[in-house]
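Just so you know, we're using the UniProt record's numbering here: the sequence shown kicks off at 1 and counts up by one.
Beta carbons are placed, not taken as given, at the ideal position from N, Cα and C, and that holds for glycine.
I have placed the structure first, in the form of structure tokens, so that the comments after it can refer back to it.
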Amino acid sequence: MLKKFDKKDEESGGGSNPFQHLEKSAVLQEARVFNETPINPRKCAHILTKILYLINQGEHLGTTEATEAFFAMTKLFQSNDPTLRRMCYLTIKEMSCIAEDVIIVTSSLTKDMTGKEDSYRGPAVRALCQITDSTMLQAIERYMKQAIVDKVPSVSSSALVSSLYHALGLLYHVRKNDRLAVSKMISKFTRHGLKSPFAYCMMIRVASRQLEEEDGSPLFDFIESCLRNKHEMVVYEAASAIVNLPGCSAKELAPAVSVLQLFCSSPKAALRYAAVRTLNKVAMKHPSAVTACNLDLENLVTDSNRSIATLAITTLLKTGSEGSIDRLMKQISSFMSEISDEFKVHSPRLPRPPSALSSPLVLQGGFEYKRTASSPCWPRASCTSWARRGPKTNNPSKYIPLAVNRICFVNTGAVSALAKFGAQNEEMLPSILVLLKRCVMDDDNEVRDRATFYLSVLEQKQKALNAGYILNGLTVSIPGLERALQQYTLEPSEKPFDLKSVPLATTPMAEQRTAKQPEKVAATRQEIFQEQLAAVPEFQGLGPLFKSSPEPVALTESETEYVIRCTKHTFPEHMVFQFDCTNTLNDQTLENVTVQLEPTEAYEVLCYVPARSLPYNQPGTCYTLVALPKEDPTAVGCTFSCMMKFTVKDCDPTTGETDDEGYEDEYVLEDLEVTIADHIQKVMKLNFEAAWDEVGDEFEKEETFTLSTIKTLEEAVGNIVKFLGMHPCERSDKVPDNKNTHTLLLAGVFRGGHDILVRSRLLLLDTVTMQVTARSSEELPVDIVLASVG
1 MLKKFDKKDE ESGGGSNPFQ HLEKSAVLQE ARVFNETPIN PRKCAHILTK ILYLINQGEH
61 LGTTEATEAF FAMTKLFQSN DPTLRRMCYL TIKEMSCIAE DVIIVTSSLT KDMTGKEDSY
121 RGPAVRALCQ ITDSTMLQAI ERYMKQAIVD KVPSVSSSAL VSSLYHALGL LYHVRKNDRL
181 AVSKMISKFT RHGLKSPFAY CMMIRVASRQ LEEEDGSPLF DFIESCLRNK HEMVVYEAAS
241 AIVNLPGCSA KELAPAVSVL QLFCSSPKAA LRYAAVRTLN KVAMKHPSAV TACNLDLENL
301 VTDSNRSIAT LAITTLLKTG SEGSIDRLMK QISSFMSEIS DEFKVHSPRL PRPPSALSSP
361 LVLQGGFEYK RTASSPCWPR ASCTSWARRG PKTNNPSKYI PLAVNRICFV NTGAVSALAK
421 FGAQNEEMLP SILVLLKRCV MDDDNEVRDR ATFYLSVLEQ KQKALNAGYI LNGLTVSIPG
481 LERALQQYTL EPSEKPFDLK SVPLATTPMA EQRTAKQPEK VAATRQEIFQ EQLAAVPEFQ
541 GLGPLFKSSP EPVALTESET EYVIRCTKHT FPEHMVFQFD CTNTLNDQTL ENVTVQLEPT
601 EAYEVLCYVP ARSLPYNQPG TCYTLVALPK EDPTAVGCTF SCMMKFTVKD CDPTTGETDD
661 EGYEDEYVLE DLEVTIADHI QKVMKLNFEA AWDEVGDEFE KEETFTLSTI KTLEEAVGNI
721 VKFLGMHPCE RSDKVPDNKN THTLLLAGVF RGGHDILVRS RLLLLDTVTM QVTARSSEEL
781 PVDIVLASVG
């Protein structure tokens, strides 16, 4: 006797999937039971269920293993158990396109199809038609004709839905793999005409399929001519075919839209419904083409048929003005409860979420409606909003149904939202775990992967893990991580993979775009610099490039004879200054160009890499390598005086040939400044409090400063963000009006891969007083931040 699970049992884990951890190899091994004598019907049916489950979950069965399992399954026809026999029929249909030589069961199916057991005959007909090919048609035709007129409804209906007996349709299916034959058939019947409206509809469908594969104006002309047919069915079929053709222009759509507009005023409800339903689809891609029908659609808003009224309103929402949205939404919400989910699915596809339907969209209706209502328009933003606001509200559990409603379509965003609820609310965690276990069985690969990952993290019940992997997530570049892992596999090493070698990203991995990436992802600016610098012998062993300055610093005016721009590259213990130089004098060539630096602080110049030659107007690059301060590591701020040194050779302005050995010269450049912002990479923390707790207070330090020259909080916030080069979190860089206190939350990563967080409390009286609290996983970043601010 089966145990009945109620809702509470299911939420506590009692309703978990018994097939959740199936392995293909183990199931195929079990299939050997099919060869045993006597046959155990119950056991064999259970194994067939497992095979069907694996196939429907997307598990790939190889041709050989599928064929072996199929041949073993055919021996089960020796049993007369009705349940096992039906499972055999299902398995035949599912494996017909995977296994080879499936026609081996033809005789068994034919025997069941013509036998005395009525419960076998219908399923046998459907299974037989599934495996039939063109060589077997004549052999089974007689049986199919008999089945169509059979007295048993299940048998006759099975034969009808499995067969094609319309002559024109049959001709097409016989020729469909031969384009030339199809073209000749279309040409013949369109030239001589057809008598039956059903034949016209079939010909329109054949012509539209042909148009999708190849351009052909005669085919389109034929479909368009059917718009003038005397039969309404043919006219609608032609209009529907035109609006569904890919790449159809507004001019080509116009005749079809005009016909549909006429149908909108038809006395027949079926025609009105068909017209407005088709116009609704057109409005999704070509709203301007449907605008001419707005008056007719307005008349349908009050139609007695609620389905027609719903479609009319939702079409107008796509084609009408923004000012009419609230009026239309108010009108449709008055009868939302009276229409079925099949028609509700048209209502949520709007440019913005209207207040009139915000509650019905997510809390009423069945699965299909909720799936559609929550998907295409405002899904990801709303899931992010729930994940941030929901756990902090007085009643966070009310947001869970909203996330569950969206699991089937926004999928990844909804799963992430559920995980964030579980990470911040211990009372809801058991229910969240049950929901995530269900998501592990989702059809979507990314949903399954995310659910599995979040499930394993949440089950640890550690706040640090929740903060690092769910609430904030890794802040590394996904393309950069892919390249780093690939490089690590190409160059085997005994050292474990270092995540700090991966370029950082401004946003966490979970917030980076999840759409399918191109086969080859373009390299980022920092990755290009990393590759260029790695090719310079003097820079071997510097480690991973941590940061490159966002914009080059101009060290000369743009009108001077030499134009020099500097890009600062920061490594864990060094800095490389890249000087891009341009010689604007056409009668000179510069050789052995270097930019020599004199630091004012504890930096040490290690070497210069010259640009060998700098002809007229041809950019060249030279480098200077410096070591970061060691005796006083907090002294990261520094001003360098810069001098460009080079050898000048006069040259012919026309040919560029030099005519002497040249002489040494130098050129004074603007000073170059290095600040703390060059040592910190911006990162976003979606949940600052969680990140703050994750880092801990072991190396927390606090100091108070007076910003004597700053008179407003807005100015103070702007200057602090720019000076520290950190990312303001949770919109804390926005200062509310008429406030004299404000808290600024900043997040970043210090060179070497150490998180650094700053909470700055600002008080405005006559001047701005700032209390700075800094946390990091190491003491040095905290000391450097406080020393730099001071």
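- Taking a contact as a CB-CB distance under 8 angstroms, the pair residue 239 and residue 291 does not count as one, their CB atoms being some 17 angstroms apart.
- Counting only residues of its own chain and dropping the five nearest sequence neighbours on each side, residue 780 has a CB closer than 7 angstroms to the CB of 633.
- Here residue 764 carries a strand assignment [DSSP, helix/strand/coil].
- Proximity to residue 648 across 589, 668, 673 and 701 peaks at 589, based on C-alpha coordinates.
- Contact between the region 593-604 and the region 650-664 is absent: fewer than three C-beta pairs spanning the two stretches fall below 8 angstroms.
- In this structure residue 476 is in contact with residue 504, their Cβ atoms being roughly 6 angstroms apart against a cut-off of 8 angstroms.
- Rounded to the nearest whole angstrom, the CA to CA distance from residue 631 to residue 600 is 14 angstroms.
- Residue range 232-243 is occupied by the alpha helix (DSSP H) that includes residue 236, with no beta strand (DSSP E) assigned at that position.
- Residue 312 sits close to residue 276, with the two beta carbons spaced by under 8 angstroms.
- In the structure shown, residue 500 adopts helical secondary structure according to DSSP, grouped into three states.
- Sequence-distant Cβ neighbours of residue 676 in its own chain, meaning closer than 8 angstroms and more than five residues away, are 636, 637, 723, 724, 725, 784, 785 and 788.
- A Cβ-Cβ contact shorter than 8 angstroms links residue 83 with residue 45.
- In the three-state scheme derived from DSSP, where H, G and I count as helix and E and B as strand, residue 492 is classed as coil.
- If you draw a straight line from the Cα of residue 52 to the Cα of residue 242, it comes to about 39 angstroms.
- Short of 7 angstroms from the beta carbon of residue 255, and not among the five residues preceding or following it, lie these beta carbons of its own chain, in chain order: 224 and 227.
- Contact between the region 677-696 and the region 751-763 is present: three or more C-beta pairs spanning the two stretches fall below 8 angstroms.
- Using a Cβ distance threshold of 8 angstroms, residue 577 and residue 545 do not count as a contacting pair.
- Take residue 201, set aside five residues on each side of it, and the residues of its chain with a beta-carbon closer than 7 angstroms to its own are 233, 234 and 237, in chain order.
- Here DSSP, grouped into helix, strand and coil, assigns residue 93 to helix.
- When secondary structure is reduced to three states using DSSP, residue 756 falls in the strand class.
- Checking the DSSP bridge columns, you'll see residue 582 partnered with 563.
- If you compare the alpha carbons of 735, 253 and 453 with that of residue 469, the shortest gap goes to 453.
- Measuring C-alpha to C-alpha distances from residue 126 to each of 149, 154 and 116 identifies 154 as the nearest.
- Boundaries of the alpha helix (DSSP H) harbouring residue 284: 269-285, taken from the DSSP string.
- Contact annotation: residue 611 and residue 651 have beta-carbon atoms that are not nearer than 8 angstroms.
- Taking the Cα positions, residue 220 is about 8 angstroms away from residue 208.
- Residue burial annotation: residue 528 is exposed, with fewer than 16 other C-beta atoms found within 10 angstroms of its C-beta.
- Straight-line spacing of the CA atoms in residue 481 and residue 502 works out to 6 angstroms.
- Positions of the alpha helix (DSSP H) runs, each at least 4 residues long and wholly inside the region 174-226, are given as 179-192, 197-213 and 217-225 in order along the chain.
- Judged by beta-carbon spacing, residue 124 lies beyond the 8 angstroms limit of residue 144, meaning their Cβ atoms are not closer than that value.
- Bounds of the alpha helix (DSSP H) holding residue 56 are 41-56.
- In the structure shown, the three-state DSSP call for residue 608 is strand.
- Residue 103 sits in a helix when the DSSP states are folded into three classes.
- Excluding five sequence positions before and after residue 91, the CB atoms of its chain that fall closer than 7 angstroms to its own CB belong to 48, 51, 52 and 73, given in chain order.
- By the Cβ rule, the region 705-715 counts as touching the region 753-772, because three or more pairs are nearer than 8 angstroms.
- Counting the other CB atoms within 10 Å of its CB gives residue 530 a total of 16 or more, which places it among the buried residues.
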